[in-house]
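Residue numbers (the numbering used here), protein chains in the order written: chain A, 460 to 628; chain B, 779 to 1475. Idealized CB from N, CA, C, for every residue including glycine. What follows is a set of notes on a single structure, which appears directly below.
Structure (structure tokens):
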């Protein structure tokens, strides 16, 4: 009988690394394949943000940037912080760890906003030769990355935070 | 049990068994491992598939954009431009592109690249698809994988020929490239079978070289006997064959064109890159049909003493009417020593041995030997007029029967010399003069004199006064006749006659009532006797008839001309008569006479004359008897008639000489008028005393 999931941290690290691996092609490969009558363009996440920013759509650019870059990267950073701090049983900022865990749990469900956008656009804009939008490989990679990080967050046993607090006392 | 609390065993130090590292590892680690593996594999795959980077340099990269412009081979996209940059020194535009790995090995030194842009020309519109999609780079290479290259130089103009297109490429040479344009069609019997590439100057700058591509299967028509000629525009040639106007199709008029044909069989198949000459016209091409541009020609010289005006470089050389070569050079040379030097005009004849009937293997020396033999047998050169109007000449080699012995001079000058004979030059002036001389010799003046005489005769005839008078006299006669007929009096005659007849009718009816018939029978019987006597007395008639025949014969012998003249005169006389007032008055008088007669008849009826008729008939009976007696004297009458005929004959005879016929006629007519007057007076007399008619007083 064990009151703690002894393999929790292992799972956290494993899912986290898988999510980070999947996040690389999600940024390299194109997210959207846009074909119009005269041209055919592929846009990556960062490329799309830069383009939106160049066109003056700062708000949308900020939203896309937050959803596609800030949130995933923030999750990676938060999970890494939680895992390392629990392992090292660091005494610094014990309250902060709780906050970090809550944030990770909260924003995890919003991470899929990018994938939703791509899925909706792909479904709506299918006008044959005039204009067509198809999801790129990056969409699949990004979805996988989000799923992996969510699994990583779920694998984290929040009681370990308390255990770590107690051992320090 | 409290002891147990105190001295109980020490609390268990329960701690999990220390597992080995690999035992403690979770299976979850497989997930990132798999993700990593997949990512690495994808990266490697992407790297493997990304194709070969090639660099194409263009002078002008108009429309090419990195990441968009495709590279196409036979309309299939095989690559994409990745980067466009300038070469060192900004001389060229370097286009870096990736082509798929499948085609990369075929990009050897024959690969060509050019930019496809919309192009509108007389040949049509090409590259229209690039208007929407933007330009693309078209590549062309053959299907033989050779040493692959990555550096290429792009073409500024599209290459018209696909590297693997079936056909034959030949090289055409022309003196003038004015009518040759890249893409101009090559026609064979009027259909387009190929096209020209871009013309270029030859290495020495004297000719225009153009590569031509003949598509399969038409390239099978190409042999070494094929001739190409220029069909662009229209040409007017004015040579020994007369004037020739050649207009080809309107298309080639605009864009130029080359045509070829192979008229004779027996040519050898050609290889790729065979050289042909472009002749300026079809005629020139056909004339040169037997000319092999690479064959050697025998050059011989002819020295003319007279002017060679009209002879030109290119003039024909004929042997017994067949073209065997042409004049290749004309110049003046000095012959003889300094003391007796003479200037002669030297024409160099380029003779093709194959045209002398010597076969394709004959050499120049063979031909020279043959010509030498001919010269010793009398072969001479002379100039002959080719076209009288143009004054062109050609050189003819003829065999002169009684030629002075001569041999071919093989050694003295630059060329072997063929001796000459008198030229047959007939120029325009001489020919025209001969024509005029013959026209001059025609008997034009005699012909004109005869025509003038004939016209004079006609004129005299027309101006003759008799000729002119006849119509006028006839017209006047007709006018007056019409006037006479139209007079009211003449028209009234028929109605008056009808009235008279009616009166007579009623008179006769009354006579019948009075029992006149028996008397009439007696009268008829008496008349019958009279007729019998007449019949007897007519036995003398044949004599009369004979006399009349004689008279007729004499009359026939009369001169017609005199008769016509007299007839004319008589017509005039009649004319004059009709013009008199008496003639016009005649109908009125006749009418009056008839009226009188009718009145008379009325009186007869009214005056109880019928009673007198019996007596009258009795008198008539007596008269018939008297007449019977008289008839008995008919033979005497016949004799007198005979005399009358004789007299008439005399009259006719006298008439035949110079008679007064017309005067007599006029008198006769006047007598008629008098008779008319007499009738009138008679009628008036009868009117006054009707009984006199019956009683004879």
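Pairwise C-alpha distance: residue j and residue i
i, j, result
"residue 927 of chain B", "residue 874 of chain B", "13 Å"
"residue 799 of chain B", "residue 614 of chain A", "20 Å"
"residue 583 of chain A", "residue 504 of chain A", "20 Å"
"residue 1171 of chain B", "residue 1214 of chain B", "24 Å"
"residue 822 of chain B", "residue 897 of chain B", "43 Å"
"residue 881 of chain B", "residue 869 of chain B", "29 Å"
"residue 1436 of chain B", "residue 1299 of chain B", "Note that residue 1436 of chain B scores 48 on pLDDT, short of 50, meaning its location in the model is unreliable and no value can be drawn from it."
"residue 558 of chain A", "residue 518 of chain A", "28 Å"
"residue 1434 of chain B", "residue 1448 of chain B", "Residue placement at residue 1434 of chain B is poorly supported in this model, since its pLDDT is 49, which falls under 50; the coordinates are not used for a value here."
"residue 1252 of chain B", "residue 1236 of chain B", "23 Å"
"residue 1114 of chain B", "residue 1191 of chain B", "11 Å"
"residue 981 of chain B", "residue 951 of chain B", "12 Å"
"residue 733 of chain B", "residue 1048 of chain B", "Only positions 779 to 1475 of chain B appear in this structure, which leaves residue 733 of chain B out of reach."
"residue 993 of chain B", "residue 816 of chain B", "53 Å"
"residue 1245 of chain B", "residue 1254 of chain B", "15 Å"
"residue 1036 of chain B", "residue 1096 of chain B", "29 Å"
"residue 834 of chain B", "residue 856 of chain B", "15 Å"
"residue 1197 of chain B", "residue 1118 of chain B", "19 Å"
"residue 1451 of chain B", "residue 1230 of chain B", "53 Å"
"residue 963 of chain B", "residue 973 of chain B", "4 Å"
Contact set between residue i and chain B, taken where Cβ atoms lie within less than 8 Å
i, result
"residue 573 of chain A", "By Cβ distance, chain B contributes nothing, its closest Cβ being about 19 Å from residue 573 of chain A, past 8 Å."
"residue 466 of chain A", "802, 804 and 806"
"residue 489 of chain A", "Residues of chain B passing the Cβ test: none, with the nearest at roughly 12 Å."
"residue 538 of chain A", "In chain order: nothing, as chain B lies at least about 13 Å away."
"residue 484 of chain A", "817 and 820"
"residue 496 of chain A", "910"
"residue 546 of chain A", "The contacting residues do not exist; residue 546 of chain A stays about 14 Å from chain B at best."
First through last residue of the alpha helix (DSSP H) which encompasses residue i
i, result
"residue 563 of chain A", "553-567"
"residue 1151 of chain B", "1142-1154"
"residue 908 of chain B", "908-911"
"residue 614 of chain A", "596-614"
"residue 1236 of chain B", "1222-1241"
"residue 1060 of chain B", "1060-1065"
"residue 470 of chain A", "467-487"
"residue 533 of chain A", "530-547"
For residue j and residue i, believed in contact at Cβ under 8 Å, the rounded distance
i, j, result
"residue 521 of chain A", "residue 572 of chain A", "Actually they do not touch by this definition, with Cβ atoms about 13 Å apart."
"residue 997 of chain B", "residue 946 of chain B", "4 Å"
"residue 913 of chain B", "residue 829 of chain B", "Between residue 829 of chain B and residue 913 of chain B the Cβ distance is about 20 Å, and since that is not below 8 Å, they are no contact."
"residue 1120 of chain B", "residue 1110 of chain B", "Not confirmed; about 10 Å, so no contact."
"residue 1134 of chain B", "residue 1105 of chain B", "Between residue 1105 of chain B and residue 1134 of chain B the Cβ distance is about 17 Å, and since that is not below 8 Å, they are no contact."
"residue 936 of chain B", "residue 894 of chain B", "7 Å"
"residue 813 of chain B", "residue 480 of chain A", "4 Å"
"residue 475 of chain A", "residue 611 of chain A", "4 Å"
"residue 1100 of chain B", "residue 1130 of chain B", "Residue 1100 of chain B to residue 1130 of chain B, Cβ: 11 Å. No contact."
"residue 1185 of chain B", "residue 1154 of chain B", "6 Å"
"residue 1194 of chain B", "residue 1146 of chain B", "6 Å"
Other residues of its chain near residue i: CB distance less than 6 Å, five sequence neighbours each side excluded
i, result
"residue 589 of chain A", "496"
"residue 605 of chain A", "570 and 571"
"residue 600 of chain A", "481, 484 and 485"
"residue 608 of chain A", "478 and 534"
Start-to-end residues for the beta strand (DSSP E) that takes in residue i
i, result
"residue 986 of chain B", "986-993"
"residue 1159 of chain B", "1157-1165"
"residue 1039 of chain B", "1036-1039"
"residue 963 of chain B", "963-966"
Sequence-distant residues of the same chain with beta carbon closer than 7 Å to residue i, five excluded per side
i, result
"residue 904 of chain B", "897"
Close beta carbons around residue i, own chain, < 8 Å, minus the five adjacent residues each side
i, result
"residue 1151 of chain B", "none"
"residue 1045 of chain B", "1001, 1002, 1003 and 1004"
"residue 1212 of chain B", "none"
Within chain A, the residues that residue i reaches when beta carbons sit closer than 7 Å
i, result
"residue 813 of chain B", "477, 480 and 481"
"residue 896 of chain B", "Per Cβ cutoff of 7 Å: no residues; residue 896 of chain B is ~14 Å from chain A at best."
"residue 873 of chain B", "Correct list: empty, because the minimum Cβ distance to chain A is about 18 Å."
"residue 846 of chain B", "498"
Residue i: contacting residues in chain A (beta-carbon distance under 8 Å)
i, result
"residue 885 of chain B", "Within 8 Å Cβ-Cβ: nothing; residue 885 of chain B doesn't reach chain A, min ~25 Å."
Under 9 Å from the C-beta of residue i: neighbouring residues of chain B
i, result
"residue 493 of chain A", "Going along chain B, no residue has its Cβ under 9 Å from residue 493 of chain A, so there is no contact; the nearest lies around 13 Å."
Where residue i meets chain B, residues with beta-carbon distance less than 7 Å
i, result
"residue 474 of chain A", "806 and 809"
"residue 470 of chain A", "804 and 806"
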